[in-house]
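In the numbering used here, the protein residues as written are 18 to 150.
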């Protein structure tokens with residue numbers, strides 16, 4: 018068997034089955050991901066949220082996604098903090114103190130958002146409660 022190198026136009030990959038260049042999503046469909054989130058705590062004195070956490074993994078597999086960006090927001094969509102996952106797909110961050118977000122919005126809970134990677138991994142998100150310390 019002889020290996021053949023095929024140069025595809027920018028943004029396309031080679032599909033051995035069809036023997037032509039095509040969009041990545043047509044060659045290999047994007048993989049579903051699952052995010053889970055754990056409870057967080059609101060410090061009423063400093064008015065900051067601690068222990069915002071999530072794990073992002075490939076759906077139907079135990080493997081976590083390493084080094085992917087995650088954004089934590091209120092359920093109303095205001096950004097609390099952002100970070101990247103570790104080697105196990107876990108991410109955690111705390112907000113700065115003295116948030117200017119209304120207390121009732123913070124106590125409704127938060128959402129951990131993973132935006133996906135192009136046509137490789139699909140986005141996922143999870144919600145969790147925020148409790149007053």
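Glycine residues also receive a C-beta, built at the ideal position from the N, C-alpha and C atoms.
Remember, predicted model here, so these are calculated numbers, not experimental data.
Output needed for residue i: all residues of its chain with C-beta closer than 6 Å, excluding positions within five of it in sequence on either side, in chain order.
{"i": "residue 89", "result": "69, 97, 98, 127, 129"}
{"i": "residue 101", "result": "84, 86"}
If you follow the alpha helix (DSSP H) that residue i is part of, which residue opens it and which one closes it?
{"i": "residue 120", "result": "120-124"}
Could you check where the beta strand (DSSP E) with residue i kicks off and where it finishes?
{"i": "residue 67", "result": "65-67"}
{"i": "residue 101", "result": "96-101"}
{"i": "residue 114", "result": "Segment: none, residue 114 is in no beta strand (DSSP E) and carries neither H nor E."}
{"i": "residue 27", "result": "Taken as a continuous stretch (DSSP letters only), residue 27 belongs to no beta strand (DSSP E), as it is neither H nor E."}
{"i": "residue 51", "result": "50-55"}
Measure the C-alpha to C-alpha separation of residue i and residue j and round it to an integer number of angstroms.
{"i": "residue 36", "j": "residue 54", "result": "42 Å"}
{"i": "residue 25", "j": "residue 95", "result": "41 Å"}
{"i": "residue 112", "j": "residue 38", "result": "45 Å"}
{"i": "residue 74", "j": "residue 45", "result": "18 Å"}
{"i": "residue 27", "j": "residue 80", "result": "30 Å"}
Going by the DSSP bridge assignment, what does residue i pair with across the sheet?
{"i": "residue 89", "result": "98, 129"}
{"i": "residue 137", "result": "Answer is none; residue 137 lacks a bridge partner."}
Between which residues of its own chain and residue i is the CB-CB distance below 7 Å, once the five residues before and five after are set aside?
{"i": "residue 146", "result": "56, 126"}
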